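Trainee:
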Amino acid sequence: MINTETIKDKYRSMSDQQLRRILMDDFQYLTTEAKEVLQTELERRQISMNEYHNDDLDVEYHQNQLTNLPKELLYFILEKKEKGASDAYVIGGLFERGIEEETAIELLKELPSYVKSCIKEMRSMMLQGFLLLISGLAIRVLPLSKESHLAIIILANVLIGFGIIRIFHSQMNKKKMEKIYKEINSFKN
Numbered sequence: 000m001i002n003t004e005t006i007k008d009k010y011r012s013m014s015d016q017q018l019r020r021i022l023m024d025d026f027q028y029l030t031t032e033a034k035e036v037l038q039t040e041l042e043r044r045q046i047s048m049n050e051y052h053n054d055d056l057d058v059e060y061h062q063n064q065l066t067n068l069p070k071e072l073l074y075f076i077l078e079k080k081e082k083g084a085s086d087a088y089v090i091g092g093l094f095e096r097g098i099e100e101e102t103a104i105e106l107l108k109e110l111p112s113y114v115k116s117c118i119k120e121m122r123s124m125m126l127q128g129f130l131l132l133i134s135g136l137a138i139r140v141l142p143l144s145k146e147s148h149l150a151i152i153i154l155a156n157v158l159i160g161f162g163i164i165r166i167f168h169s170q171m172n173k174k175k176m177e178k179i180y181k182e183i184n185s186f187k188n
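Following numbering that gives the first Met the number 0, the numbering of the sequence shown begins with 0 at its first residue and continues without gaps.
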């Protein structure tokens with residue numbers, strides 16, 4: 000267990016510049032508790048985190064921690080959370096699979112950020128699908144003859160097909176990740 004009082008004392012003794020340096024360079028490596036204490040100290044000093052901290056970097060860091068797991072462990076976590084399993088159940092399952100309890104706890108703390116980044120990625124993939132679909136449809140409405148423009152017509156049909164598949168696949172995965180995110184947040188409340 001991390002002693003937050005020690006962290007509070009350390010941050011209180013630091014200058015504004017030192018806190019800004021932690022925020023810019025080391026925030027992504029801090030524990031959840033240290034991040035909360037740092038945020039509280041910055042608010043007390045009326046220093047805005049947004050100026051110095053990019054949430055996308057934090058999300059990327061969390062994503063890397065979870066994506067470095069073997070796929071079967073990541074799928075286990077996501078599947079169990081989708082089915083509404085408690086954190087204790089998932090931690091126990093990870094422990095049975097050779098993951099230390101502290102590591103499993105940290106992974107679960109990082110899960111909301113990972114799932115949010117997956118949802119964001121699925122939205123981006125849906126947009127790509129729409130662009131492919133629209134591109135293919137735009138080509139198909141052009142007055143092209145089959146004899147002289149067959150390759151372009153085939154390309155248009157391929158774009159339409161890939162666009163539809165990308166949209167469908169992304170939508171299904173987005174719904175799955177949103178359900179997992181809802182399950183994660185229901186345990187917090």
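Virtual Cβ for every residue (Gly too), placed ideally from N, Cα, C.
Since this is a predicted model, take the numbers as computed values, not measurements.
Between the region 120–137 and the region 159–173, do at least 3 Cβ pairs fall closer than 8 Å?
Mentor: yes
Trainee: My assumption, with CB atoms under 8 Å, is that residue 32 sits in contact with residue 6. Please give the rounded CB distance.
Mentor: 7 Å
Trainee: Taking only the alpha-carbon atoms, compute the straight-line gap between residue 170 and residue 141 and give it to the nearest angstrom.
Mentor: 29 Å
Trainee: Quick check on this structure: which residue in 35, 83, 114 and 72 has the alpha carbon closest to the alpha carbon of residue 96?
Mentor: 72
Trainee: Work out the CA separation of residue 174 and residue 27 for me, nearest whole Å.
Mentor: 28 Å
Trainee: Taking the beta carbon of residue 157 as the centre, do at least 16 other beta carbons fall within 10 Å, making it buried, or is it exposed?
Mentor: Of the residues assessed, residue 157 falls on the exposed side of the cut-off, its CB having fewer than 16 other CB atoms within 10 angstroms.
Trainee: For residue 149, is the classification buried or exposed, using 16 other Cβ atoms within 10 angstroms of its Cβ as the cut-off for buried?
Mentor: exposed
Trainee: Applying the criterion that 16 or more other CB atoms from any shown protein chain within 10 Å of the CB defines a buried residue, is residue 151 buried or exposed?
Mentor: Within a 10 Å sphere around the beta-carbon of residue 151 sit fewer than 16 other beta-carbons, which makes this residue exposed.
Trainee: Roughly how many angstroms lie between the CA atoms of residue 37 and residue 22, to the nearest whole one?
Mentor: 8 Å
Trainee: Near residue 159, what residues of its chain come up, given a Cβ to Cβ distance below 8 Å and the 5 sequence neighbours on each side ignored?
Mentor: 131, 132, 135, 136 and 139
Trainee: Pick helix, strand or coil for residue 146, following the three-state DSSP scheme.
Mentor: coil
Trainee: Going by the CB atoms, is the gap between residue 179 and residue 109 shorter than 7 Å?
Mentor: no
Trainee: Distance, Cα to Cα, residue 189 vs residue 155?
Mentor: Since the first residue shown for the chain is 0 and the last is 188, residue 189 is missing from the structure and cannot be characterised.
Trainee: Assign residue 258 to buried or exposed, taking buried as 16 or more other Cβ atoms, counted over all protein chains shown, within 10 Å of its Cβ.
Mentor: Missing from the structure shown is residue 258; the chain here goes from 0 to 188 and no further.
Trainee: Report the residue from 185, 67, 10 and 25 whose alpha carbon sits nearest the alpha carbon of residue 113.
Mentor: 67
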